[in-house]
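Asker:
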Amino acid sequence: MPVFALADCNNFYASCERLFRPALQRRPVVVLSNNDGCIIARSNEAKALGIPMGAPLFQWRETLEKHRVVVCSANFSLYGDLSRRVMQVLGHFSPEMEIYSIDEAFLGLDGFRHLHLETYARQIRQTVRQWTGIPVSIGIGPSKTLAKLANAVAKRTPRARGVFDLRGQTVQQAILPRMPVAEVWGVGRKLVPRLQQDGIATAWDLRQRDPAWLQARYSINLARTARELAGEACWQLETQPQPRQQILSSRSFGQRLKTLPPIRQAVAHHVRLAWEKLRSQHSRAGAIAVFLHTSPHAAEPYYGNQYTVELPEPTQDLARLTRLAQRALERIYRKGHAYQKCGVLLLNLQAAGLRQGDLFSPAADTPEREALQATLDAIHQRFGRGSLRLASEGFQTRGWGMQQNHRSPSYTTCWQALPKVG
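For the sequence shown, position 181 (counting from the first letter as 1) is numbered 186 according to my numbering, and the numbering increases by one without interruption.
1. Would you mind sorting C419 into buried or exposed? The rule is 16 or more other CB atoms within 10 Å of its CB.
2. Any idea if D108 is buried or exposed, counting beta-carbon neighbours within 10 angstroms, 16 or more meaning buried?
3. Can you list, in chain order, the residues of its chain with a C-beta nearer than 7 Å to that of D2? Leave out the 5 residues immediately preceding and following it.
4. With M102 as the anchor, note down where its beta strand (DSSP E) starts and where it stops.
5. Since H411 and L37 are thought to touch, with beta carbons under 8 Å apart, how far apart are those beta carbons, to the nearest angstrom?
6. Please report the distance separating the alpha-carbon of R429 from that of A60.
7. Under 8 Å: do the region 132-144 and the region 152-164 share three or more Cβ pairs, one atom per stretch?
8. Can you tell me whether Y307 is buried or exposed? The criterion is at least 16 other CB atoms within 10 Å of its CB, across all chains shown.
9. How close, in whole Å, do the beta carbons of L211 and V186 come, if the pair is a contact with beta carbons under 8 Å?
10. Applying the criterion that 16 or more other CB atoms from any shown protein chain within 10 Å of the CB defines a buried residue, is F296 buried or exposed?
11. Please classify Q345 as buried or exposed, where buried requires at least 16 neighbouring CB atoms within 10 angstroms.
12. According to DSSP, is G309 helix, strand or coil?
13. Quick one: complete alpha helix (DSSP H) runs, 4+ long, within the region 6-45?
14. Helix, strand or coil for Q4 per DSSP?
15. Return the CA-CA distance between V276 and R325, expressed in angstroms with no decimal places.
16. With a threshold of 8 Å, are at least 3 pairs of Cβ atoms found where one atom belongs to the region 248-256 and the other to the region 92-107?
17. Judging by CA-CA distance, which residue of R332, M6, E123, A79 is the nearest neighbour of Y18?
18. Cα separation between R166 and F98?
19. So V35 packs on A53, CB below 8 Å; how close in whole Å?
20. Give every residue of the same chain whose Cβ lies closer than 8 Å to the Cβ of L3, excluding the five residues on either side of it in the sequence, and list them in chain order.
21. Would a C-beta distance cut-off of 8 Å place G291 and L352 closer than the cut-off?
22. Where DSSP assigns a beta bridge to E315, which residues make up the other side?
23. So P7 and A238 are in contact, right, with Cβ under 8 Å, and what is the actual spacing, rounded?
24. Mapping DSSP to helix, strand and coil, what is H274?
25. Anyone know if the C-beta pair for F9 and S148 falls short of 8 Å?
26. Could you tell me if K160 is buried or exposed, where buried requires 16 or more neighbouring beta carbons within 10 angstroms of its beta carbon?
27. Do three or more CB pairs link the region 69-85 to the region 110-123 at distances below 8 Å?
28. At the level of alpha carbons, what is the spacing between P424 and H121?
29. Below 8 Å on the Cβ atoms is my contact criterion, and I expect C21 with Y84 to pass it. Report the Cβ-Cβ distance as a whole number of Å.
30. So E243 is in the beta strand (DSSP E); what residue range does that whole segment cover?
31. Could you tell me which residues DSSP puts in a beta bridge with F169?
32. Among A343, R23, Q331, A206, which residue has its Cα nearest to the Cα of T313?
33. Buried or exposed for A217, going by 16 or more other Cβ atoms inside 10 Å?
34. Which residue or residues does DSSP assign as beta-bridge partners of K346?
35. Hey, how far is the Cα of L5 from the Cα of Q270?
36. Whose C-beta lies closer than 7 Å to the C-beta of Q355 among residues of the same chain, with five residues either side of it excluded?
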(Lines of atoms letter the chains of each structure in order from A and count residues from 1; the text may use other names and numbers.)
(Lines give C-alpha, C1' and ligand atoms only; values in the text may rest on other atoms or scores of the structure.)
Protein backbone atom coordinates (compact mmCIF):
# COMPACT_ATOMS: atom_id res chain seq x y z
CA MET A 1 0.00 0.00 0.00
CA PRO A 2 1.50 3.40 -0.99
CA VAL A 3 2.00 6.22 1.48
CA PHE A 4 1.30 9.87 0.68
CA ALA A 5 1.99 13.00 2.66
CA LEU A 6 0.43 16.38 1.96
CA ALA A 7 2.44 19.38 3.13
CA ASP A 8 0.30 22.53 3.21
CA CYS A 9 1.50 25.96 4.30
CA ASN A 10 -0.57 27.48 7.10
CA ASN A 11 -2.43 30.62 6.00
CA PHE A 12 0.27 31.01 3.39
CA TYR A 13 -0.22 34.59 2.20
CA ALA A 14 -0.60 35.86 5.76
CA SER A 15 2.47 33.85 6.84
CA CYS A 16 4.48 35.44 4.02
CA GLU A 17 3.47 38.91 5.18
CA ARG A 18 4.51 38.09 8.75
CA LEU A 19 7.87 36.64 7.79
CA PHE A 20 9.70 39.97 7.53
CA ARG A 21 7.38 41.85 9.92
CA PRO A 22 7.56 40.14 13.32
CA ALA A 23 5.25 42.78 14.79
CA LEU A 24 2.38 41.09 12.91
CA GLN A 25 2.70 37.89 14.92
CA ARG A 26 -0.49 37.11 16.87
CA ARG A 27 -2.25 40.07 15.21
CA PRO A 28 -5.16 39.52 12.81
CA VAL A 29 -3.97 39.82 9.20
CA VAL A 30 -5.93 39.79 5.94
CA VAL A 31 -4.64 39.85 2.37
CA LEU A 32 -6.62 41.50 -0.42
CA SER A 33 -7.22 40.50 -4.02
CA ASN A 34 -6.10 42.45 -7.07
CA ASN A 35 -7.06 46.12 -6.84
CA ASP A 36 -7.69 45.67 -3.11
CA GLY A 37 -11.21 44.45 -3.78
CA CYS A 38 -11.87 41.36 -1.65
CA ILE A 39 -10.27 39.43 1.19
CA ILE A 40 -8.52 36.33 -0.19
CA ALA A 41 -6.47 35.21 2.82
CA ARG A 42 -6.86 35.44 6.59
CA SER A 43 -4.72 34.61 9.58
CA ASN A 44 -6.25 32.46 12.32
CA GLU A 45 -6.85 35.59 14.37
CA ALA A 46 -8.81 37.16 11.51
CA LYS A 47 -10.83 33.98 11.03
CA ALA A 48 -11.73 34.08 14.73
CA LEU A 49 -13.28 37.52 14.17
CA GLY A 50 -15.74 35.96 11.72
CA ILE A 51 -14.28 37.63 8.63
CA PRO A 52 -15.30 35.40 5.70
CA MET A 53 -13.21 34.44 2.70
CA GLY A 54 -14.01 36.55 -0.35
CA ALA A 55 -15.59 39.35 1.68
CA PRO A 56 -15.58 42.75 -0.10
CA LEU A 57 -13.22 45.14 1.66
CA PHE A 58 -15.69 48.05 1.77
CA GLN A 59 -18.28 45.95 3.62
CA TRP A 60 -15.84 44.95 6.37
CA ARG A 61 -13.76 48.09 6.68
CA GLU A 62 -15.42 49.13 9.95
CA THR A 63 -14.80 45.71 11.52
CA LEU A 64 -11.19 45.71 10.34
CA GLU A 65 -10.56 49.14 11.85
CA LYS A 66 -12.34 48.26 15.11
CA HIS A 67 -10.19 45.19 15.73
CA ARG A 68 -6.99 46.75 14.32
CA VAL A 69 -6.70 44.14 11.61
CA VAL A 70 -3.57 44.48 9.47
CA VAL A 71 -4.62 44.84 5.83
CA CYS A 72 -2.14 43.83 3.11
CA SER A 73 -2.39 44.12 -0.66
CA ALA A 74 -1.50 40.94 -2.51
CA ASN A 75 2.23 40.65 -3.23
CA PHE A 76 2.39 37.69 -5.59
CA SER A 77 6.07 38.13 -6.44
CA LEU A 78 6.90 37.64 -2.76
CA TYR A 79 4.49 34.72 -2.36
CA GLY A 80 5.76 33.01 -5.49
CA ASP A 81 9.40 33.24 -4.43
CA LEU A 82 8.70 31.95 -0.91
CA SER A 83 6.64 29.12 -2.40
CA ARG A 84 9.61 28.14 -4.55
CA ARG A 85 11.82 28.04 -1.46
CA VAL A 86 9.35 25.90 0.47
CA MET A 87 9.09 23.42 -2.42
CA GLN A 88 12.88 23.20 -2.67
CA VAL A 89 13.09 22.25 0.99
CA LEU A 90 10.32 19.66 0.65
CA GLY A 91 12.18 18.17 -2.30
CA HIS A 92 15.03 17.23 0.05
CA PHE A 93 12.79 14.77 1.88
CA SER A 94 11.39 12.70 -0.97
CA PRO A 95 12.43 12.04 -4.57
CA GLU A 96 8.74 11.95 -5.51
CA MET A 97 6.90 15.25 -5.17
CA GLU A 98 3.86 16.74 -6.85
CA ILE A 99 3.50 20.50 -6.47
CA TYR A 100 -0.26 20.79 -6.24
CA SER A 101 -0.61 24.54 -5.72
CA ILE A 102 1.39 27.56 -4.61
CA ASP A 103 1.22 26.37 -0.98
CA GLU A 104 0.66 22.59 -1.22
CA ALA A 105 2.70 19.59 -2.30
CA PHE A 106 2.17 15.83 -2.15
CA LEU A 107 5.18 13.71 -1.19
CA GLY A 108 5.60 10.01 -1.89
CA LEU A 109 6.87 8.25 1.24
CA ASP A 110 6.85 4.64 -0.01
CA GLY A 111 10.60 4.33 0.40
CA PHE A 112 10.57 5.56 4.00
CA ARG A 113 8.51 2.80 5.63
CA HIS A 114 11.50 1.80 7.77
CA LEU A 115 11.17 5.17 9.53
CA HIS A 116 8.54 6.30 12.00
CA LEU A 117 6.64 8.43 9.50
CA GLU A 118 5.04 10.78 12.02
CA THR A 119 8.49 11.59 13.41
CA TYR A 120 9.81 12.03 9.86
CA ALA A 121 6.93 14.40 9.06
CA ARG A 122 7.75 16.47 12.14
CA GLN A 123 11.34 16.69 10.92
CA ILE A 124 10.06 17.95 7.56
CA ARG A 125 7.84 20.49 9.27
CA GLN A 126 10.63 21.75 11.52
CA THR A 127 13.12 22.03 8.65
CA VAL A 128 10.72 24.00 6.42
CA ARG A 129 10.05 26.42 9.29
CA GLN A 130 13.75 26.77 10.11
CA TRP A 131 14.95 27.23 6.52
CA THR A 132 12.11 29.38 5.15
CA GLY A 133 10.20 30.75 8.13
CA ILE A 134 6.89 29.41 6.77
CA PRO A 135 4.79 27.11 9.01
CA VAL A 136 3.37 23.97 7.38
CA SER A 137 1.02 21.17 8.43
CA ILE A 138 1.45 17.61 7.18
CA GLY A 139 -1.15 14.89 6.70
CA ILE A 140 -0.25 11.25 6.02
CA GLY A 141 -2.50 8.68 4.36
CA PRO A 142 -2.61 5.64 2.06
CA SER A 143 -4.25 7.78 -0.66
CA LYS A 144 -4.06 11.40 -1.71
CA THR A 145 -7.64 12.02 -0.55
CA LEU A 146 -6.95 10.61 2.93
CA ALA A 147 -3.69 12.58 3.14
CA LYS A 148 -5.68 15.72 2.33
CA LEU A 149 -8.18 14.99 5.11
CA ALA A 150 -5.33 14.16 7.49
CA ASN A 151 -3.85 17.57 6.75
CA ALA A 152 -7.14 19.24 7.70
CA VAL A 153 -7.07 17.38 11.03
CA ALA A 154 -3.43 18.38 11.56
CA LYS A 155 -4.38 22.05 11.19
CA ARG A 156 -7.47 22.02 13.38
CA THR A 157 -6.41 19.76 16.23
CA PRO A 158 -3.98 21.41 18.67
CA ARG A 159 -2.90 18.01 20.03
CA ALA A 160 -1.72 16.98 16.56
CA ARG A 161 0.88 19.78 16.61
CA GLY A 162 0.78 20.12 12.85
CA VAL A 163 1.09 16.43 11.87
CA PHE A 164 -1.57 13.72 11.62
CA ASP A 165 -1.36 10.12 10.37
CA LEU A 166 -4.61 8.74 8.89
CA ARG A 167 -3.35 5.33 7.72
CA GLY A 168 -4.88 3.08 10.37
CA GLN A 169 -8.40 1.67 10.01
CA THR A 170 -9.22 2.53 13.62
CA VAL A 171 -8.33 6.19 13.26
CA GLN A 172 -10.18 6.37 9.93
CA GLN A 173 -13.33 5.01 11.56
CA ALA A 174 -13.00 7.68 14.25
CA ILE A 175 -12.29 10.65 11.95
CA LEU A 176 -14.28 10.12 8.74
CA PRO A 177 -17.77 10.07 10.36
CA ARG A 178 -17.00 13.53 11.81
CA MET A 179 -15.79 14.96 8.50
CA PRO A 180 -18.54 16.67 6.41
CA VAL A 181 -18.65 15.42 2.83
CA ALA A 182 -18.24 19.03 1.66
CA GLU A 183 -14.67 18.94 2.98
CA VAL A 184 -13.65 15.90 0.97
CA TRP A 185 -11.12 16.71 -1.73
CA GLY A 186 -12.83 16.70 -5.12
CA VAL A 187 -16.42 17.06 -3.88
CA GLY A 188 -17.75 20.35 -5.25
CA ARG A 189 -20.11 22.52 -3.24
CA LYS A 190 -22.84 22.25 -5.85
CA LEU A 191 -22.78 18.48 -5.44
CA VAL A 192 -23.26 18.51 -1.66
CA PRO A 193 -27.08 19.05 -1.55
CA ARG A 194 -27.61 16.18 -3.97
CA LEU A 195 -25.34 13.91 -1.97
CA GLN A 196 -27.16 14.80 1.22
CA GLN A 197 -30.47 13.89 -0.40
CA ASP A 198 -28.96 10.46 -1.05
CA GLY A 199 -27.98 10.15 2.61
CA ILE A 200 -24.32 11.00 2.10
CA ALA A 201 -23.49 13.67 4.67
CA THR A 202 -20.00 12.68 5.80
CA ALA A 203 -16.78 11.29 4.38
CA TRP A 204 -17.64 7.98 6.04
CA ASP A 205 -21.02 7.87 4.28
CA LEU A 206 -19.30 8.37 0.93
CA ARG A 207 -16.72 5.71 1.70
CA GLN A 208 -19.45 3.17 2.48
CA ARG A 209 -21.29 3.61 -0.82
CA ASP A 210 -20.82 1.19 -3.70
CA PRO A 211 -18.40 2.76 -6.23
CA ALA A 212 -20.37 1.26 -9.14
CA TRP A 213 -23.55 2.97 -7.88
CA LEU A 214 -21.70 6.27 -7.44
CA GLN A 215 -20.28 6.07 -10.95
CA ALA A 216 -23.70 5.36 -12.47
CA ARG A 217 -25.49 8.09 -10.51
CA TYR A 218 -22.74 10.73 -10.32
CA SER A 219 -19.38 10.26 -12.04
CA ILE A 220 -16.34 8.05 -12.22
CA ASN A 221 -14.34 10.65 -10.28
CA LEU A 222 -16.71 10.49 -7.32
CA ALA A 223 -16.50 6.69 -7.41
CA ARG A 224 -12.74 6.95 -7.29
CA THR A 225 -12.98 9.40 -4.40
CA ALA A 226 -14.99 6.82 -2.43
CA ARG A 227 -12.36 4.19 -3.17
CA GLU A 228 -9.64 6.61 -2.07
CA LEU A 229 -11.49 7.15 1.21
CA ALA A 230 -11.41 3.38 1.67
CA GLY A 231 -7.63 3.43 1.35
CA GLU A 232 -7.23 2.53 -2.32
CA ALA A 233 -4.86 4.87 -4.17
CA CYS A 234 -6.65 5.75 -7.42
CA TRP A 235 -4.61 8.90 -8.11
CA GLN A 236 -0.86 8.65 -8.27
CA LEU A 237 1.68 11.44 -7.92
CA GLU A 238 2.10 13.65 -10.97
CA THR A 239 5.75 14.50 -10.61
CA GLN A 240 5.88 16.17 -14.02
CA PRO A 241 3.41 19.07 -14.33
CA GLN A 242 1.12 18.78 -17.32
CA PRO A 243 1.38 21.64 -19.83
CA ARG A 244 -1.56 24.03 -19.86
CA GLN A 245 -4.13 23.62 -22.62
CA GLN A 246 -4.71 27.37 -22.65
CA ILE A 247 -3.07 30.36 -20.97
CA LEU A 248 -4.97 33.33 -19.57
CA SER A 249 -3.68 36.69 -18.39
CA SER A 250 -6.29 39.13 -17.16
CA ARG A 251 -6.80 41.76 -14.50
CA SER A 252 -9.16 44.59 -13.62
CA PHE A 253 -7.93 48.13 -14.21
CA GLY A 254 -6.97 50.30 -11.27
CA GLN A 255 -9.59 52.78 -12.50
CA ARG A 256 -12.20 52.85 -15.24
CA LEU A 257 -10.65 53.54 -18.66
CA LYS A 258 -12.43 55.28 -21.53
CA THR A 259 -9.66 55.89 -24.06
CA LEU A 260 -7.86 53.33 -26.21
CA PRO A 261 -4.12 54.08 -25.57
CA PRO A 262 -3.95 52.86 -21.93
CA ILE A 263 -6.03 49.79 -22.83
CA ARG A 264 -3.54 49.06 -25.61
CA GLN A 265 -0.75 49.10 -23.06
CA ALA A 266 -2.68 46.79 -20.74
CA VAL A 267 -3.33 44.30 -23.55
CA ALA A 268 0.37 44.33 -24.52
CA HIS A 269 1.24 43.71 -20.87
CA HIS A 270 -1.05 40.69 -20.68
CA VAL A 271 0.34 39.31 -23.93
CA ARG A 272 3.83 39.41 -22.43
CA LEU A 273 2.73 37.66 -19.22
CA ALA A 274 0.95 34.95 -21.21
CA TRP A 275 3.97 34.65 -23.54
CA GLU A 276 6.27 34.06 -20.55
CA LYS A 277 4.11 31.12 -19.46
CA LEU A 278 3.98 29.87 -23.05
CA ARG A 279 7.78 29.90 -23.26
CA SER A 280 8.20 28.27 -19.86
CA GLN A 281 6.22 25.20 -20.93
CA HIS A 282 7.82 25.11 -24.41
CA SER A 283 4.59 25.56 -26.35
CA ARG A 284 3.31 27.51 -29.32
CA ALA A 285 -0.09 29.21 -29.60
CA GLY A 286 -2.39 28.54 -32.52
CA ALA A 287 -4.86 31.30 -31.64
CA ILE A 288 -5.10 34.38 -29.46
CA ALA A 289 -8.26 35.93 -28.00
CA VAL A 290 -8.69 39.39 -26.48
CA PHE A 291 -11.65 40.38 -24.32
CA LEU A 292 -12.75 43.72 -22.91
CA HIS A 293 -15.73 44.66 -20.76
CA THR A 294 -17.25 47.28 -18.50
CA SER A 295 -18.43 46.66 -14.95
CA PRO A 296 -21.65 44.64 -14.73
CA HIS A 297 -22.50 46.59 -11.57
CA ALA A 298 -22.14 50.09 -13.05
CA ALA A 299 -25.11 52.38 -13.64
CA GLU A 300 -24.41 52.57 -17.37
CA PRO A 301 -25.40 49.78 -19.80
CA TYR A 302 -23.01 46.83 -19.77
CA TYR A 303 -20.75 46.21 -22.75
CA GLY A 304 -18.41 43.29 -23.22
CA ASN A 305 -16.88 41.62 -26.23
CA GLN A 306 -14.20 39.19 -27.33
CA TYR A 307 -12.38 38.57 -30.59
CA THR A 308 -10.28 35.53 -31.49
CA VAL A 309 -7.57 35.42 -34.15
CA GLU A 310 -6.67 32.03 -35.61
CA LEU A 311 -3.06 31.68 -36.74
CA PRO A 312 -2.16 29.74 -39.90
CA GLU A 313 0.80 28.30 -38.00
CA PRO A 314 1.32 28.18 -34.18
CA THR A 315 3.85 30.66 -32.86
CA GLN A 316 5.62 31.79 -29.71
CA ASP A 317 6.81 35.09 -31.19
CA LEU A 318 6.05 37.87 -28.69
CA ALA A 319 5.99 40.66 -31.28
CA ARG A 320 3.62 38.76 -33.55
CA LEU A 321 1.27 37.81 -30.73
CA THR A 322 1.20 41.42 -29.52
CA ARG A 323 0.47 42.72 -33.01
CA LEU A 324 -2.44 40.30 -33.45
CA ALA A 325 -3.80 41.16 -30.01
CA GLN A 326 -3.79 44.88 -30.82
CA ARG A 327 -5.75 44.21 -33.99
CA ALA A 328 -8.27 42.17 -32.03
CA LEU A 329 -8.62 44.97 -29.48
CA GLU A 330 -9.42 47.48 -32.23
CA ARG A 331 -12.30 45.27 -33.37
CA ILE A 332 -14.00 45.16 -29.98
CA TYR A 333 -13.24 48.62 -28.53
CA ARG A 334 -16.17 51.03 -28.59
CA LYS A 335 -16.00 54.70 -27.62
CA GLY A 336 -18.16 56.04 -24.84
CA HIS A 337 -17.71 53.20 -22.35
CA ALA A 338 -15.82 53.15 -19.05
CA TYR A 339 -14.00 49.82 -19.18
CA GLN A 340 -13.23 47.77 -16.10
CA LYS A 341 -11.18 44.82 -17.35
CA CYS A 342 -9.32 43.31 -20.29
CA GLY A 343 -7.49 40.06 -20.85
CA VAL A 344 -5.64 37.83 -23.27
CA LEU A 345 -6.15 34.11 -23.84
CA LEU A 346 -3.70 31.90 -25.76
CA LEU A 347 -5.45 28.91 -27.34
CA ASN A 348 -4.77 25.79 -29.42
CA LEU A 349 -1.46 25.19 -27.68
CA GLN A 350 0.94 22.55 -28.92
CA ALA A 351 4.45 21.47 -28.05
CA ALA A 352 7.11 23.65 -29.65
CA GLY A 353 8.81 20.60 -31.12
CA LEU A 354 5.66 19.54 -32.99
CA ARG A 355 5.37 21.75 -36.00
CA GLN A 356 3.14 21.59 -39.03
CA GLY A 357 3.76 24.34 -41.53
CA ASP A 358 1.37 26.01 -43.93
CA LEU A 359 1.97 25.37 -47.64
CA PHE A 360 0.85 28.86 -48.66
CA SER A 361 2.37 30.94 -45.82
CA PRO A 362 6.00 31.58 -44.87
CA ALA A 363 7.23 30.07 -41.60
CA ALA A 364 6.21 32.23 -38.64
CA ASP A 365 9.01 31.33 -36.25
CA THR A 366 12.19 31.53 -38.30
CA PRO A 367 15.54 30.65 -36.69
CA GLU A 368 16.25 34.36 -36.38
CA ARG A 369 12.98 35.02 -34.57
CA GLU A 370 13.53 32.04 -32.29
CA ALA A 371 17.00 33.33 -31.44
CA LEU A 372 15.41 36.68 -30.53
CA GLN A 373 12.93 34.96 -28.18
CA ALA A 374 15.80 33.09 -26.52
CA THR A 375 17.64 36.39 -26.04
CA LEU A 376 14.57 37.88 -24.37
CA ASP A 377 14.43 34.86 -22.07
CA ALA A 378 18.08 35.32 -21.09
CA ILE A 379 17.64 39.04 -20.39
CA HIS A 380 14.56 38.45 -18.25
CA GLN A 381 16.30 35.69 -16.34
CA ARG A 382 19.27 37.89 -15.57
CA PHE A 383 17.63 41.25 -14.95
CA GLY A 384 14.09 40.28 -13.96
CA ARG A 385 10.71 39.89 -15.63
CA GLY A 386 9.71 42.85 -17.75
CA SER A 387 13.20 44.39 -17.75
CA LEU A 388 13.01 44.44 -21.55
CA ARG A 389 9.63 44.83 -23.20
CA LEU A 390 7.95 46.00 -26.39
CA ALA A 391 7.32 49.72 -26.73
CA SER A 392 3.58 49.05 -27.02
CA GLU A 393 3.54 47.98 -23.36
CA GLY A 394 5.33 51.07 -22.06
CA PHE A 395 6.90 51.48 -18.63
CA GLN A 396 4.14 53.50 -16.95
CA THR A 397 0.76 51.99 -16.16
CA ARG A 398 -1.21 55.19 -16.99
CA GLY A 399 -4.25 54.19 -14.94
CA TRP A 400 -4.50 50.53 -15.89
CA GLY A 401 -2.19 49.25 -13.16
CA MET A 402 -3.57 47.70 -10.01
CA GLN A 403 -4.52 49.58 -6.87
CA GLN A 404 -2.21 48.25 -4.14
CA ASN A 405 -2.47 50.72 -1.31
CA HIS A 406 -1.25 48.26 1.32
CA ARG A 407 1.45 46.36 -0.55
CA SER A 408 4.47 45.14 1.39
CA PRO A 409 7.98 45.28 -0.12
CA SER A 410 9.17 42.39 -2.31
CA TYR A 411 11.82 41.47 0.23
CA THR A 412 13.26 38.47 -1.63
CA THR A 413 12.96 39.52 -5.28
CA CYS A 414 13.98 43.19 -5.36
CA TRP A 415 17.36 44.58 -4.28
CA GLN A 416 15.84 47.93 -3.30
CA ALA A 417 13.37 46.16 -0.97
CA LEU A 418 15.92 44.15 1.01
CA PRO A 419 15.38 44.57 4.78
CA LYS A 420 17.91 46.86 6.43
CA VAL A 421 19.41 45.97 9.79
CA GLY A 422 21.06 48.43 12.13
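Cβ atoms here follow ideal geometry from the backbone N, Cα and C, with glycine treated the same way.
Answerer: Quick look at the numbers:
1. Numbered from its first residue, the sequence shown carries residue 419 at position 414. Around the beta carbon of C419, a 10 Å sphere encloses fewer than 16 other beta carbons of the protein chains shown; the residue is thus reported as exposed.
2. In the sequence shown, residue 108 corresponds to position 103, counting from 1. Buried, by the Cβ-count rule.
3. Lying outside 6 to 427, the shown extent of the chain, residue 2 is not represented and no answer is given.
4. Sequence index remark: in the sequence shown, residue 102 carries index 97 (1-based). Its beta strand (DSSP E) spans residues 102-106.
5. Position 406 of the sequence shown, counted from the start, is the residue given in the question as residue 411. Position 32 of the sequence shown, counted from the start, is the residue given in the question as residue 37. The pair is a contact, with the Cβ atoms about 7 Å apart (cut-off 8 Å).
6. Since the first residue shown for the chain is 6 and the last is 427, residue 429 is missing from the structure and cannot be characterised.
7. When Cβ pairs closer than 8 Å are counted between the two stretches, the region 132-144 is seen to touch the region 152-164, the count reaching three or more.
8. Taking the first residue of the sequence shown as position 1, residue 307 is located at position 302. Answer is exposed; the Cβ neighbour count stays below 16.
9. In the sequence shown, counting from the first residue as 1, residue 211 sits at position 206. In the sequence shown, counting from the first residue as 1, residue 186 sits at position 181. That pair is a contact at about 6 Å.
10. As a working note, residue 296 is residue 291 in the sequence shown. F296 is buried by the Cβ-count criterion.
11. Counted from its first residue, the sequence shown places residue 345 at position 340. When all chains shown are included, Q345 counts as buried.
12. Here residue 309 is taken as the residue at index 304 of the sequence shown, counted from 1. Reduced to three states, the DSSP call for G309 is strand.
13. 17-24
14. This structure leaves residue 4 out entirely; the chain is present only between 6 and 427.
15. Working through the sequence shown from its first residue, we reach residue 276 at position 271. Working through the sequence shown from its first residue, we reach residue 325 at position 320. Roughly 10 Å separates the two Cα atoms.
16. no
17. Here residue 18 corresponds to residue number 13 of the sequence shown, with the count starting at 1. Among R332, M6, E123, A79, the Cα nearest to that of Y18 is on A79.
18. Looking up residue 166 in the sequence shown gives position 161. Looking up residue 98 in the sequence shown gives position 93. Rounded to whole angstroms, R166 to F98 spans 20 Å at the Cα level.
19. Here residue 35 corresponds to residue number 30 of the sequence shown, with the count starting at 1. Here residue 53 corresponds to residue number 48 of the sequence shown, with the count starting at 1. Going by Cβ atoms, the distance from V35 to A53 rounds to 12 Å, so no, they are not a contact pair.
20. No information on residue 3 is available, as it lies outside the stretch 6 to 427 that the chain covers here.
21. As a first step, residue 291 is located in the sequence shown; it is residue number 286 there, counting from the start. As a first step, residue 352 is located in the sequence shown; it is residue number 347 there, counting from the start. Yes, Cβ-Cβ distance for G291 and L352 is below 8 Å.
22. As a working mapping, residue 315 is identified with position 310 in the sequence shown. Paired residue(s): A292.
23. Walking along the sequence shown from the start, residue 7 turns up at place 2. Walking along the sequence shown from the start, residue 238 turns up at place 233. So it is a contact: roughly 5 Å between Cβ atoms.
24. Residue mapping note: residue 274 aligns to position 269 of the sequence shown, counting from 1. If DSSP states are grouped into helix, strand and coil, H274 belongs with the helices.
25. On the sequence shown, residue 9 is found 4 positions in, with the first residue counted as 1. On the sequence shown, residue 148 is found 143 positions in, with the first residue counted as 1. Taking 8 Å as the Cβ cut-off, F9 and S148 qualify as a contacting pair.
26. For the purposes of this step, residue 160 is identified with residue 155 of the sequence shown, where counting begins at 1. With 16 or more other Cβ atoms within 10 Å, it is buried.
27. no
28. Taking the sequence shown and counting its residues from 1, one reaches residue 424 at position 419. Taking the sequence shown and counting its residues from 1, one reaches residue 121 at position 116. If you take the alpha carbons of P424 and H121, they lie about 40 Å apart.
29. Against the sequence shown, residue 21 aligns to sequence position 16. Against the sequence shown, residue 84 aligns to sequence position 79. Between Y84 and C21 the Cβ distance is about 5 Å, and since that is below 8 Å, they are a contact.
30. As a working note, residue 243 is residue 238 in the sequence shown. Counting along the chain, E243 falls outside any beta strand (DSSP E), and DSSP gives it neither H nor E.
31. As a position in the sequence shown, residue 169 is number 164, starting the count at 1. In DSSP, F169 forms a bridge with G144.
32. Here residue 313 refers to the residue found at position 308 of the sequence shown. Nearest C-alpha to T313: Q331.
33. The residue given as residue 217 occupies position 212 in the sequence shown. Answer is exposed; the Cβ neighbour count stays below 16.
34. What you label residue 346 is simply residue 341 of the sequence shown in a count that begins at 1. According to DSSP, K346 bridges with S257, H298.
35. The chain is shown from 6 up to 427; residue 5 falls before or after that span and cannot be answered.
36. Counting from 1 along the sequence shown, the entry for residue 355 is found at position 350. The answer, listed in chain order, is S288, R289, G291, P319.
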